[in-house]
Amino acid sequence: MTGPVGDRPEAGSTAERVPAVEAVDVSRTYQLDGVSVEALRGVSLIVHPGDYVALVGPSGSGKSTLMHLLGGLDRPTGGRLVIGGRDVNALSPPEMATLRNETIGFVFQAFHLLPRTSAVENVALPLVYRGVPARQRRERAAAMLGRVGLGHRLDHRPNQMSGGEQQRVAIARALVTEPTVLLADEPTGNLDSVTGAAVLELLEQLNAESGVALVLVTHDQEVAGRAARRITMRDGVVVTDSDDPHDRPLSVDHDRPETLVPAPSAEPRSVSGSGPGHPSGGSGGAAGATGRLPQEPAPGGAEVGRPGGVA
Ligand code: ADP
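Each residue of the sequence shown is one higher than the one before, starting from 1 at the first, in the working numbering.
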């Protein structure tokens, strides 16, 4: 079946080799009450179209910060982040918003649907920001809802739907723009196990049928175990990446003996070293941030949660 998220690229095709997102030695330092918090300390990874990645790690390890960066909701304070072939440090806020709308879909634990707006209108909303005419918006949203098994619920409002149905609406909204990457933050976290398993199967089906990369944050080992690739974070660094042939065990960082870092390796990781590294405070950064980012992008991908002081 083909559908709104497009056909999966042929194995080995050029399209498959172009990264959907590439992070090179990315850092993110928050400033909070005069104290610097290093949420990310040099993360390098590539997400390819069609990838199925589980992002795991203890609370505070930097997963949400990384997801915000991968989704273009925030910018690194150091390193290079390329989304859909575009270096985010070179983009203005409106250009970032457009890039997000064109390339990224978000799914959240708490669904974040407009409660008094019908399912079909919720799903069509991102297309408003694309300038898609009203009739086409409804047609595309209805088709996407059909794809997630809710073709019979078009005019229901979220508050008339079960949690599992609401999450399906949120998935349809995330995919109606045909993104290359779907970022899902604990997508089954608010659902009972049976409903959660069905939602996960739906995400996997959409990932398998199309070229959309699926990156999901989860605390659930069972969920993480199903992903084709598993990235583990701790203390702001990637400590294991099942896709990385240079994965190495943890060792003590001599500058920060309280933390663990990947052990030094003779060979670089898959992407580190391929671009300039700016371990902290680089240009285009967001060091002026003072509060946590909200978990939800504005409808249609408008840039929200922009930390203060970002150029
Ligand atoms: P996780 O998602 O793995 O729980 P986070 O990315 O939320 O981790 O947080 C990583 C670190 O950055 C934590 O120490 C957290 O307190 C800190 N942090 C996250 N967001 C902010 C913020 N907006 N301001 C200050 N510190 C933050």
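Positions of the beta carbon are idealized from the N, C-alpha and C atoms, including for glycine.
The beta carbon of Thr103 sits closer than 8 angstroms to the beta carbons of Ala20, Gly72, Ile83, Gly84, Pro179, Thr180 and Val181 from its chain, once the five residues preceding and following it are set aside; these are given in chain order. Between the alpha carbons of Met67 and Leu183 lies a gap of roughly 7 angstroms. By the C-beta density criterion, Gly57 is buried, having at least 16 other C-beta atoms within 10 angstroms.
Listed by position along the chain, the residues with Cβ atoms less than 5 angstroms from a non-hydrogen atom of ligand 1 are Tyr30, Leu32, Val37, Ala39, Ser59, Gly60, Ser61, Gly62, Lys63, Ser64, Thr65 and Arg292. Arg229 and Ser242 do touch by the CB rule: their CB atoms are close to 5 angstroms apart, below 8 angstroms.
About 5 angstroms separates the Cβ atoms of Arg28 and Thr77, confirming a contact at the 8 angstroms cut-off. Around Pro158, the same chain offers Leu113, Pro115 and Gln166 as residues with beta carbons nearer than 6 angstroms, after the five sequence neighbours per side are excluded.
His48 is classed as buried because its beta carbon has at least 16 other beta carbons within 10 Å across all chains shown. Secondary structure note for Met96: its alpha helix (DSSP H) is the uninterrupted segment Pro93 to Thr103. Per DSSP, Ser193 is not a residue of any beta strand (DSSP E); the alpha helix (DSSP H) it occupies stretches across Ser193 to Glu209. Scanning Glu139, Asp74 and Gln109 for the CA closest to the CA of Tyr30 turns up Asp74.
Listed as beta-bridge partners of Gln31 by DSSP are Ser36. With fewer than 16 other Cβ atoms inside 10 Å of its own Cβ, Arg135 counts as exposed.
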